Structures are given as C-alpha cells and as structure tokens.
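A quick write-up on the structure given underneath.
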C-alpha cells in the first residue's frame with residue numbers, strides 16, 4: 568500500500584470523526600485567531616484540537632508554520648523568539664523542517680535533477696543558514 572493512499576485513508580477517517588472533522592482542511596482566519604487566543608490562554612493542544620475539530624498534530628504544525636512565517640516576514644525576529652511566542656520548541660521546528668526537506672527530496676528524486684533545482688536548493692540552504 569503506498570504512503571499517499573495511507574495518508575488519504577487516515578485523513579478520511581479523521582474527517583468522519585466529529586472531533587477531527589476539519590482535519591486537513593484549509594485554516595480559516597477565525598480559526599487561526601482562536602488558535603492564538605487559546606495558546607496565549609495556556610489551553611492544551613488537545614483541548615484546542617477538540618474545539619477546532621482538528622488533530623493535536625495539526626495544531627502544533629500550524630503553530631510551527633506561523634513561527635516560520637513570522638521569522639521570514641520580520642528578519643529582526645529570531646527562531647527562538649518565534650518559538651517562544653507560539654509556545655513551541657526549537658526542536659519541534661527543526662523536526663518539521665527536516666521532515667519537509669525529506670518529503671521534498673522524495674519528490675525530487677523521482678524526476679531528473681537539473682542545475683536549476685540544485686542551485687535553488689543551495690540558495691534555500693544558504694538562506695536558512697544565514698538566519
């Protein structure tokens with residue numbers, strides 16, 4: 568069974584469950600706002616997930632994405648600052664980034680590699696190392 572099929576099957580089951588029925592769906596602005604409010608109030612990932620009908624993993628991933636976007640938008644903010652703001656750890660962010668690169672690499676090796684792709688990846692690495 569291929570991993571894409573397994574992912575789709577898992578997502579289908581999550582959407583059938585009323586507690587996680589919004590799993591995998593695009594985040595709406597009001598959900599994003601509620602997420603930040605709840606994190607600032609000290610609400611647990613589990614409770615937030617239930618309120619937003621998402622999974623705990625999607626709550627953490629959304630916070631990581633927000634932290635990365637914040638650092639990208641405002642270069643005066645460090646990754647540590649963003650992690651603190653969104654109540655996540657640097658290790659959470661690094662694991663997310665490593666898994667993302669792994670997924671991207673998996674897609675890349677299925678196609679012929681060209682110099683533009685290599686150059687683009689090197690620029691991305693250089694950019695991340697300089698921040």
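In the numbering used here, the protein residues as written are 568 to 698.
Glycine included, each C-beta is placed from N, C-alpha and C at the ideal position.
Quantities reported herein were computed from a predicted structural model and do not represent experimental measurements.
- The DSSP assignment places 612 to 619 as complete runs of the alpha helix (DSSP H) inside the stretch 605 to 639, in order along the chain (cut-off: 4 residues).
- DSSP places residue 580 inside the alpha helix (DSSP H), whose first and last residues are 570 to 583.
- By the C-beta criterion, the stretch 611 to 629 is judged to be in contact with the stretch 583 to 599, since at least 3 inter-stretch pairs fall below 8 Å.
- A straight-line Cα-Cα distance of about 14 Å links residue 662 and residue 695.
- Residue 592 sits in coil when the DSSP states are folded into three classes, being neither helix nor strand.
- The closest CA to that of residue 584, considering only 604, 616 and 608, is found on 616.
- Sorting 648, 614, 697 and 621 by C-alpha distance to the C-alpha of residue 579 places 621 at the top.
- Spatial neighbours of residue 590 in its own chain (CB-CB distance under 7 Å, excluding positions within 5 residues in sequence) are listed in chain order as 578, 581, 582, 621, 622 and 625.
- Taking the C-beta atoms as reference points, residue 644 is found nearer than 8 Å to residue 637.
- Nearest to residue 669 by alpha-carbon distance, out of 688, 697 and 609, is 688.
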